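**Student:** Structure in structure tokens, see below.
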Amino acid sequence: MSTLRLIVRLIALVTALLVALPLHAIWRLFRARSPWPRRFLGWCARIVGAKARVVGVPLTRDAVILANHLSWIDILLLAGTTGTAFVAKGELEAVPLIGWLSSVNHTVFVARGERMAVAEQVEQLRRALAAPWPVTIFPEGTTGDGTTLLPFKPALLAALDPPPPGLRVQPVRIDYGDARSDCVWGDEPGQVHALRVLRRRGSFVATLNFAEPFAPQGGRKSIAAEARRRIEALQFLPLA
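Rendered as structure tokens:
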């Protein structure tokens, strides 16, 4: 049965892509802002078994979202909910299909390991913040275990010093609830984890707990510390 679930979900993902791509192309042909990347990623979240439960009021523009990071599923959930673009490791751009799809969703690719390139990365992010959608950064720089926060890496938050006019920072705590042990990425190779999730029975509720946004001030380290404090203050919420 697990193999059958895998096949059915893969077919559903391909079908969603075949529906969304032509519609996205039509919107772009008329130079209109396309809703289809957001809708496609939201569909993908449901197909892999993740149902978003939104707590709080997410910002949908003029915002940097700072979230804890559990899995690639976070991207599907946050994009489907807010229409956000993401900051991702540069090597993702070279991954067949995934890199191209990430580009369609306006991903900002950065070489995180290259200290000498930080100034260029900050400038990339500044340009991305001018777009009419949020940008999400996972400041831990890797995936955590879902129960504790790793140290935040504040380098890219230099793009907010000084902040663009009207921009706010919104911290988010992501929680997979009872599915945490199955769906948190951990140290597995990406393909192994993806196949395990696609074979998983049933669905699960993923809570996106949006904190009150705040105006960035005091420099990158202060912004990171305030966002981390607000995420830590968000309690895991029992399912209704």
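Our numbering numbers the first residue of the sequence shown as 3 and each following residue consecutively. Cβ atoms here follow ideal geometry from the backbone N, Cα and C, with glycine treated the same way. These numbers come from a predicted model, not from an experiment.
Specify whether the region 18 to 38 and the region 193 to 200 touch according to this definition: at least 3 beta carbon pairs, one from each stretch, less than 8 Å apart.
**Tutor:** No: the two stretches stay apart, fewer than three of their Cβ pairs being nearer than 8 Å.
**Student:** Determine the closest residue to VAL56 out of THR84, ARG222 and ALA217, with distance taken between C-alpha atoms.
**Tutor:** That would be THR84, whose Cα lies nearest to the Cα of VAL56.
**Student:** Flag this pair as yes or no: are the beta carbons of ASP64 and LEU169 separated by less than 9 Å?
**Tutor:** Yes, these two residues count as a Cβ contact at 9 Å.
**Student:** With a 10 Å radius around its C-beta and 16 neighbouring C-beta atoms as the bar for buried, classify ALA242 as buried or exposed.
**Tutor:** Because the pLDDT of ALA242 is 45, which lies under 50, any placement of that residue in the model is unreliable, and the number read from its coordinates should be weighed accordingly. ALA242 is exposed by the Cβ-count criterion.
**Student:** How long is the line joining the alpha carbons of ALA119 and LEU158, rounded to whole angstroms?
**Tutor:** If I take the Cα positions, the gap works out to 11 Å.
**Student:** Roughly how many angstroms separate the alpha carbons of LEU151 and LEU200, rounded to a whole number?
**Tutor:** If I take the Cα positions, the gap works out to 26 Å.
**Student:** Pairing CB atoms from the region 202 to 209 with CB atoms from the region 103 to 112, are three or more of them under 8 Å?
**Tutor:** No, the region 202 to 209 does not touch the region 103 to 112.
**Student:** Relative to the C-alpha of ALA213, which candidate in ALA22, THR138, LEU68 and SER4 has its C-alpha closest?
**Tutor:** Nearest of ALA22, THR138, LEU68 and SER4 to ALA213, Cα basis: LEU68.
**Student:** May I ask you to report which of helix, strand or coil DSSP gives LYS91?
**Tutor:** Reduced to three states, the DSSP call for LYS91 is strand.
**Student:** Can you tell me which residues form a DSSP beta bridge with PHE111?
**Tutor:** Paired residue(s): ALA90.
**Student:** In three-state terms, what does DSSP make of LEU241?
**Tutor:** Any reading at LEU241 must be qualified, since the residue scores a pLDDT of 47, below 50, and its modelled position is unreliable; the value itself is stated next. It is coil, neither helix nor strand.
**Student:** Which residues bound the alpha helix (DSSP H) around LEU79?
**Tutor:** Residues 75 to 84.
**Student:** How long is the line joining the alpha carbons of PRO165 and ARG35, rounded to whole angstroms?
**Tutor:** Cα to Cα, the separation comes out at about 25 Å.
**Student:** Once the 5 residues before and after ARG175 are set aside, which same chain residues still bring their CB inside 7 Å of it?
**Tutor:** Within the same chain, ARG175 has close Cβ partners ASN70, ASN211, ILE233 and LEU236.
**Student:** Less than 9 Å separating the beta-carbons of PHE88 and THR62?
**Tutor:** No.
**Student:** For the beta strand (DSSP E) that THR1 lies in, which residues bound it at each end?
**Tutor:** What is shown of the chain runs 3 to 242, which leaves residue 1 out entirely.
**Student:** Taking the alpha carbon of GLY143 as the reference point, which residue from GLN219, ALA90, SER224 and LEU78 has its own alpha carbon closest?
**Tutor:** Comparing Cα-Cα distances from GLY143 to each of GLN219, ALA90, SER224 and LEU78, the minimum goes to ALA90.
**Student:** Work out the CA separation of ARG230 and PHE154 for me, nearest whole Å.
**Tutor:** Looking at the two C-alpha atoms, the distance is approximately 7 Å.
**Student:** In this structure, does DSSP put ARG222 in helix, strand or coil?
**Tutor:** If DSSP states are grouped into helix, strand and coil, ARG222 belongs with the helices.
**Student:** When you compare only the Cα positions, how much space is there between LEU52 and ASP189?
**Tutor:** A small fix is needed here, since residue 52 is Ala in this sequence, not Leu. C-alpha separation (whole angstroms): 21 Å.
**Student:** Suppose you measure from the CA of ILE13 to the CA of GLY44; what does that come to, to the nearest Å?
**Tutor:** Whole-angstrom Cα-Cα distance: 16 Å.
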